[in-house]
Amino acid sequence: MNKENNENEMNGNKDYYEEGADSCGCGSGEEEDSCGCGSESEEEGSSCGCGGGEGHGHGSKNPFDEQTPISGVKNIIAVASGKGGVGKSTFSVNLAITLANQGKKVGLLDADLYGPSVPTMMGINKRPDLTSSNKIVPLEKFGIKLMSLGFLIPEDAPAIWRGPVVMQVITQFLKDVEWGEIDFLVVDLPPGTGDIQLTLVQTVPINFAVVVSTPQDISLIDAKKALAMFDKVNVPVFGIVENMSYFICPHCNKRSDIFKHGGAKAAAEKLGVNFLGEIPIVEDICELSDKGEPIMTKDIHPEVKSVFNKISDSLILRSEQKVGA
Ligand SMILES: Nc1ncnc2c1ncn2[C@@H]1O[C@H](COP(=O)(O)OP(=O)(O)OP(=O)(O)O)[C@@H](O)[C@H]1O
Ligand SMILES: [Mg+2]
């Protein structure tokens, strides 16, 4: 857990949240350890990483017993990575748009409380309304329902929160937002395997985990940790995608493998995980993201569009198989 972020418990949004959450189901919301369960231990075999499994001081309560689906939400897709800056938010936003383009009802939850990207990437930022029953009404853009901490705090204000508060906020984003009827809720996670990821997997059943990695070893090592986390908490891994996979120079058409190439595919094969595709480095992806006009809203770069379409097709197919099973 990031100690720096625990020095001060902000902030100006207390009206949205009540403190003292016990969202990991371990019986304590006040302690400062990473899962909020009051155990310093990180013994092997404990599903929340807190040493709180059987025989570790929490009785036999399994934090995953607390998982409940979100009413109306059919599928939840968690987009994760080990390393930061590999393109999770870019992927999440464009996947959400692809699914919506294919006629699905889609929500996008920005679970990165420390660095929310959805307001910028989706080009929308205003304070959401509350319903009469105090539920948060998600914003909407490109036909996608959106929730992000960025809608609630100023752009330059840091969320300096302790673990239990982080868990409370994530739980509220999942359960106290009026998501309505949704085929796919895409959850854009922060990097790593910390409080936010654990809260998500303990609070709601995840149908599909997608791990984003760049091709180089330094990213793949951490991507494997993210995969291992999902495996450990029994979340089905849908696959791994290689972002920034290669670069075609728009001037001379020459290809450069700036961050190497093919590492994610090789890792996927080795780990027996689905390889979902290669997204190239494209200047427009970055520029359009900053403008709040994700590339999948445009009719350009068919090589990028085909990767997202393929992933979206197979997610839809898999979800239909799940229903038919
Ligand atoms: N394929 C790509 N081609 C060009 N630029 C890209 C590509 N993928 C992502 N980017 C750019 O790289 C930067 C980082 O991407 P992004 O914010 O999606 O990463 P992230 O994994 O969500 O980061 P964080 O871990 O901080 O949440 C952004 O400026 C984004 O526009
Ligand atoms: Mg991000």
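Each number in our numbering comes from the position in the sequence shown (counting from 1) with 566 added on.
Every residue gets a Cβ at the ideal spot worked out from N, C-alpha and C, and that includes glycine.
- With respect to the 8 Å criterion, residue 876 and residue 750 are not classified as neighbours on the basis of their beta carbons.
- Counted as a single uninterrupted DSSP element, the beta strand (DSSP E) harbouring residue 804 occupies residues 803-814.
- In terms of side-chain proximity, the C-beta atom of residue 654 is found nearer than 7 Å to a non-hydrogen atom of ligand 1.
- Under the three-state reduction of DSSP, residue 761 is assigned to helix.
- Placement of the Cβ of residue 823 at a distance of 7 Å or more from every heavy atom of ligand 1 is found.
- Looking at the DSSP output, residue 705 sits in a beta bridge with 712.
- Comparing C-alpha distances from residue 810 to each of 745, 754 and 823 shows the shortest one belongs to 823.
- Following the DSSP letters along the chain, one finds residue 641 inside the beta strand (DSSP E) bounded by residues 639-646.
- Distance from the CA of residue 673 to the CA of residue 691, rounded to the nearest whole angstrom, comes to 16 Å.
- Collapsing the DSSP output to three states places residue 826 in a strand.
- One Cα belongs to residue 757, the other to residue 666, and the distance between them is close to 25 Å.
- Of 687, 856 and 759, the smallest CA-CA separation from residue 647 is found for 759.
- A straight line joining the alpha-carbon of residue 828 with that of residue 770 spans about 33 Å.
- Residue 683 and residue 754 have their C-alpha atoms some 9 Å from each other.
- DSSP places residue 679 outside both helix and strand once states are collapsed to three, so it counts as coil.
- According to the DSSP assignment, residue 890 belongs to no beta strand (DSSP E) but to the alpha helix (DSSP H) extending over 868-890.
- Across the structure, residue 688 and residue 859 are spaced so that their CA atoms are roughly 6 Å apart.
- Considering only 686, 745 and 659, the residue with the shortest C-alpha distance to residue 639 is 745.
- Excluding its 5 nearest sequence neighbours in each direction, residue 791 has C-beta neighbours in its own chain below 7 Å: 648 and 759, listed in chain order.
- In the structure shown, the three-state DSSP call for residue 799 is coil.
- Of 782, 793, 781 and 635, the smallest CA-CA separation from residue 763 is found for 793.
- Per DSSP, the continuous beta strand (DSSP E) segment holding residue 841 begins and ends at 841-847.
- Here residue 888 is exposed. Its C-beta has fewer than 16 other C-beta atoms within 10 Å.
- Shown here for residue 814: same chain residues with a beta carbon closer than 6 Å to its own, the five before and five after excluded, namely 821 in chain order.
- In this structure, the beta-carbon distance from residue 775 to residue 808 does not fall below 8 Å.
- Here residue 755 carries a coil assignment [DSSP, helix/strand/coil].
- Not one heavy atom of ligand 2 is found less than 7 Å from the C-beta of residue 850.
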